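The structure appears right after this line, and notes come after that.
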Amino acid sequence: MPVAEAAVILTPVLDWLDLFGVALFALSGALIAARERQTFVTMSFFALVTGVGGGTVRDILIDAPVFWVKHPWYAALCITMAAIVWNTPTRWWQGRLFDYADGIGLAAYSVLGAAKAMSYGLPPVPAAIMGIITGIVGGIIRDVIAGRPSILMKPELYVTAAALSASMCSFGMWLLPDRWGIDWALWAVAALAGLALRSAAIRYNLGLPA
Amino acid sequence: MPVAEAAVILTPVLDWLDLFGVALFALSGALIAARERQTFVTMSFFALVTGVGGGTVRDILIDAPVFWVKHPWYAALCITMAAIVWNTPTRWWQGRLFDYADGIGLAAYSVLGAAKAMSYGLPPVPAAIMGIITGIVGGIIRDVIAGRPSILMKPELYVTAAALSASMCSFGMWLLPDRWGIDWALWAVAALAGLALRSAAIRYNLGLPA
Amino acid sequence: MPVAEAAVILTPVLDWLDLFGVALFALSGALIAARERQTFVTMSFFALVTGVGGGTVRDILIDAPVFWVKHPWYAALCITMAAIVWNTPTRWWQGRLFDYADGIGLAAYSVLGAAKAMSYGLPPVPAAIMGIITGIVGGIIRDVIAGRPSILMKPELYVTAAALSASMCSFGMWLLPDRWGIDWALWAVAALAGLALRSAAIRYNLGLPA
Numbered sequence: 008m009p010v011a012e013a014a015v016i017l018t019p020v021l022d023w024l025d026l027f028g029v030a031l032f033a034l035s036g037a038l039i040a041a042r043e044r045q046t047f048v049t050m051s052f053f054a055l056v057t058g059v060g061g062g063t064v065r066d067i068l069i070d071a072p073v074f075w076v077k078h079p080w081y082a083a084l085c086i087t088m089a090a091i092v093w094n095t096p097t098r099w100w101q102g103r104l105f106d107y108a109d110g111i112g113l114a115a116y117s118v119l120g121a122a123k124a125m126s127y128g129l130p131p132v133p134a135a136i137m138g139i140i141t142g143i144v145g146g147i148i149r150d151v152i153a154g155r156p157s158i159l160m161k162p163e164l165y166v167t168a169a170a171l172s173a174s175m176c177s178f179g180m181w182l183l184p185d186r187w188g189i190d191w192a193l194w195a196v197a198a199l200a201g202l203a204l205r206s207a208a209i210r211y212n213l214g215l216p217a
Numbered sequence: 008m009p010v011a012e013a014a015v016i017l018t019p020v021l022d023w024l025d026l027f028g029v030a031l032f033a034l035s036g037a038l039i040a041a042r043e044r045q046t047f048v049t050m051s052f053f054a055l056v057t058g059v060g061g062g063t064v065r066d067i068l069i070d071a072p073v074f075w076v077k078h079p080w081y082a083a084l085c086i087t088m089a090a091i092v093w094n095t096p097t098r099w100w101q102g103r104l105f106d107y108a109d110g111i112g113l114a115a116y117s118v119l120g121a122a123k124a125m126s127y128g129l130p131p132v133p134a135a136i137m138g139i140i141t142g143i144v145g146g147i148i149r150d151v152i153a154g155r156p157s158i159l160m161k162p163e164l165y166v167t168a169a170a171l172s173a174s175m176c177s178f179g180m181w182l183l184p185d186r187w188g189i190d191w192a193l194w195a196v197a198a199l200a201g202l203a204l205r206s207a208a209i210r211y212n213l214g215l216p217a
Numbered sequence: 008m009p010v011a012e013a014a015v016i017l018t019p020v021l022d023w024l025d026l027f028g029v030a031l032f033a034l035s036g037a038l039i040a041a042r043e044r045q046t047f048v049t050m051s052f053f054a055l056v057t058g059v060g061g062g063t064v065r066d067i068l069i070d071a072p073v074f075w076v077k078h079p080w081y082a083a084l085c086i087t088m089a090a091i092v093w094n095t096p097t098r099w100w101q102g103r104l105f106d107y108a109d110g111i112g113l114a115a116y117s118v119l120g121a122a123k124a125m126s127y128g129l130p131p132v133p134a135a136i137m138g139i140i141t142g143i144v145g146g147i148i149r150d151v152i153a154g155r156p157s158i159l160m161k162p163e164l165y166v167t168a169a170a171l172s173a174s175m176c177s178f179g180m181w182l183l184p185d186r187w188g189i190d191w192a193l194w195a196v197a198a199l200a201g202l203a204l205r206s207a208a209i210r211y212n213l214g215l216p217a
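Residue numbers (my numbering), protein chains in the order written: chain A, 8 to 217; chain B, 8 to 217; chain C, 8 to 217.
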């Protein structure tokens with residue numbers, strides 16, 4: 008897919024998916040800080056790092072302009088999510104509901120990252136890796152700075168769900184490069200597959216063999 | 008402010024502020040390594056990472072050439088700071104005096120980072136974040152690699168002081184875009200405000216509520 | 008050395024050295040994950056991060072296209088190394104033999120990184136630092152994500168061996184800029200010097216004074 012067409016066709020959807028993913032991940036970053044009884048400034052920093060971290064690393068690697076740097080609303084959205092967490096009881100945000108919301112963000116972000124990488128002309132394997140990076144790196148940076156064991160080191164099907172969505176998206180777009188109508192269906196299927204796997208892992212405590 | 012004018016007007020001052028901030032942060036990195044009884048090579052690496060880390064992340068994010076890569080004296084300055092720490096007793100560098108020096112570097116670097124980001128055409132909120140990143144990210148990388156709890160996780164008014172200086176600078180430059188004579192005063196006021204807050208925090212052990 | 012000539016002369020060798028270094032470091036990343044009884048997905052992620060991490064940071068800093076992003080075989084190679092580790096007993100890979108193999112990768116990668124940086128027009132001190140970064144940063148990221156103490160914090164002659172190879176390469180290329188026949192010999196001597204130092208450190212448990 009040439010970049011120019013991609014810019015026209017993909018940009019509005021990608022932008023909304025970006026905002027949605029950023030908001031969900033910013034929420035999870037602010038919550039980590041809230042659970043460790045941090046101040047509002049630290050909470051905002053964690054919201055920002057977790058919200059935009061994965062997409063930032065992807066954009067730097069594929070040599071795209073970093074998506075939030077020239078647009079004021081991404082950073083403002085992250086600080087807003089921190090303010091919401093700051094002004095509500097932490098227990099509102101605990102439990103399974105939050106895990107499922109995080110799973111939606113993970114699946115949406117992995118597809119988004121892979122699709123953006125494909126639109127920059129990457130081969131499918133690196134493009135799938137860009138999707139995984141978009142989905143999980145924000146959380147890894149959050150955990151490393153907070154000194155927590157990373158989700159990477161747990162056997163839960165978390166990275167695997169991101170890998171499923173990202174691979175389906177990138178290999179699908181590679182096999183079906185010119186059917187624009189199918190792209191939409193492909194993205195939806197890829198995101199739903201990853202979400203289904205992640206939901207099953209949450210529901211039944213599934214893990215990979217080590 | 009157009010980039011071309013900014014390059015002519017800002018560059019000499021920014022360069023000197025850069026060298027000053029780099030030297031102070033390199034010193035703090037070398038000291039961390041010295042306290043953990045590390046070798047000279049490790050000390051140099053910590054001096055470099057802490058000295059140029061924040062500005063490096065800023066330059067990558069705003070898509071500027073990384074400031075120290077094509078100029079030989081930044082890296083040499085960091086290694087020189089490591090050599091100074093290596094050849095002097097650690098106790099020379101302990102205590103409040105060092106905390107105040109670090110506060111000066113923090114305030115100067117936050118203003119510098121925000122001003123550079125504004126000169127690259129960023130909106131004020133991302134520009135303020137670039138200022139904060141310039142001020143604190145070198146120290147965060149230092150702490151993460153050394154396995155120490157990061158300054159971010161403490162309630163001290165450290166990130167907040169950086170946020171104050173960076174926000175005053177970026178919003179000031181946004182409100183007063185064309186009064187060149189005022190820019191200088193603005194930078195000085197923004198740096199002094201952050202330094203005053205940081206000094207009060209050191210003097211009276213102030214912290215934010217968690 | 009102008010970039011155009013460098014591209015013609017250096018590229019084939021650099022590419023092979025890249026693949027060799029990537030494979031060795033990917034192996035060491037997969038082994039860390041295997042020793043902590045991780046899943047295959049985590050193992051692949053560690054193989055990738057360790058295999059391409061140092062060269063990725065180098066390419067971002069010198070503003071080169073990140074070497075593995077548009078070429079499918081680097082990422083595939085890392086995943087293959089993870090698959091090899093996954094299907095063999097961990098004890099095959101323990102002991103001194105692996106330490107020496109890692110030393111070969113370290114020396115080769117440090118020379119490669121410094122040579123690439125020189126070919127992008129960097130001064131010799133930053134170019135030597137790029138060589139060190141290429142050699143050690145993949146391992147640092149691996150250790151930080153795994154929550155292990157980094158090799159940087161140990162007195163072993165590891166970073167020092169990388170620094171020796173990288174400095175000999177960058178200062179040698181700076182002093183002898185136009186003798187193409189000598190470049191090859193220089194790279195070999197620089198790599199062998201670092202390897203000899205690292206081997207002596209492994210053999211006799213040498214360390215720097217702290």
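Ideal Cβ positions, reconstructed from N, Cα and C, are used throughout, including at glycine. None of the values given here were measured: they were computed from a predicted structure.
Non-local C-beta neighbours of C:L202 in its own chain, meaning closer than 7 Å and more than five positions away in sequence, comprise G110, I111, A114, ordered along the chain. Contact with chain A is absent for C:I69, since none of that chain's Cβ atoms lies less than 8 Å from the residue's Cβ.
Chain-order list of chain C residues neighbouring B:F52: I139, L159, V166, by C-beta distance under 8 Å. The C-beta of A:A170 comes closer than 8 Å to at least one C-beta of chain C. Chain B places a beta carbon closer than 8 Å to that of C:I136, counting this residue as a contact. Proximity of B:L55 to chain C, defined by a Cβ-Cβ separation below 8 Å, is satisfied. Closest in C-alpha terms to A:A71, from the list A:V48, A:G120, A:Y81, comes A:G120.
For A:I209, the closest C-alpha among the options A:T167, A:I67, A:T63 is that of A:T167. Counting C-beta pairs with one atom in each stretch, the region 149 to 165 of chain C and the region 64 to 82 of chain C have fewer than three that are closer than 8 Å, which means they do not touch. Excluding sequence positions up to five before and after C:Y107, its CB lies within less than 8 Å of the CB of S206, I209, all in the same chain and listed in chain order. Listed along the chain, the chain C residues whose CB falls inside 7 Å of the CB of A:V151 are V151, I152.
The shortest CA-to-CA distance from A:V73 to any of A:L24, A:G62, A:G154 is the one to A:G62. Here B:A170 has I139 as same chain residues with Cβ atoms under 6 Å from its own Cβ, once five neighbours each way along the sequence are excluded. For B:K77, no alpha helix (DSSP H) run applies, since DSSP gives it neither H nor E.
Under the three-state reduction of DSSP output, C:T57 falls in the helix class. Cβ proximity to chain C below 8 Å picks out E43, R44, Q45 from the region 33 to 45 of chain B. A:F32 is a Cβ neighbour of A:G145, given a cutoff of 8 Å. The straight-line gap separating the alpha-carbon atoms of C:L213 and B:A40 is approximately 20 Å. One thing to note: A:L164 has its Cβ within 8 Å of the Cβ of A:L204.
Taking B:T87 as reference, the option from B:M175, B:M125, B:V29 with the minimal CA-CA separation is B:V29.
Within 10 angstroms of the beta-carbon of B:P133 lie 16 or more other beta-carbons, which makes it buried. Considering only C:G128, C:R98, C:W75, the residue with the shortest C-alpha distance to C:F178 is C:G128. Chain-ordered listing is empty here: chain A has no CB closer than 7 Å to the CB of B:I91, the nearest sitting near 29 Å.
By a beta-carbon distance limit of 8 Å, C:S174 contacts C:A135. Their separation comes to about 5 Å.
The C-beta of C:V132 comes closer than 8 Å to at least one C-beta of chain B. The contact set of B:I147 on chain A, defined by CB atoms closer than 8 Å, consists of I152 in chain order. Cβ-Cβ separation between C:S172 and C:S117: approximately 4 Å, consistent with a contact (criterion under 8 Å). In the assembly as shown, B:T97 is an exposed residue. Its beta-carbon has fewer than 16 other beta-carbons within 10 Å. Under the three-state reduction of DSSP output, B:I39 falls in the helix class. Non-local beta-carbon contacts of C:A200 in its own chain, meaning distances under 7 Å to residues more than five positions away in sequence, involve L171, S172, M175 in chain order.
For secondary structure counted as the alpha helix (DSSP H) over 4 or more consecutive residues, the region 108 to 161 of chain A holds these complete runs in sequence order: 131 to 153. Taking every protein chain shown into account, the CB of C:G142 has 16 or more other CB atoms within 10 angstroms, so this residue is buried. Residue-level contact check: C:L129 touches chain B, since one or more beta carbons of chain B fall below 8 Å from its beta carbon. Counting the other CB atoms within 10 Å of its CB gives A:L55 a total of 16 or more, which places it among the buried residues. One alpha carbon belongs to B:M50, the other to A:W191, and they sit about 52 Å apart.
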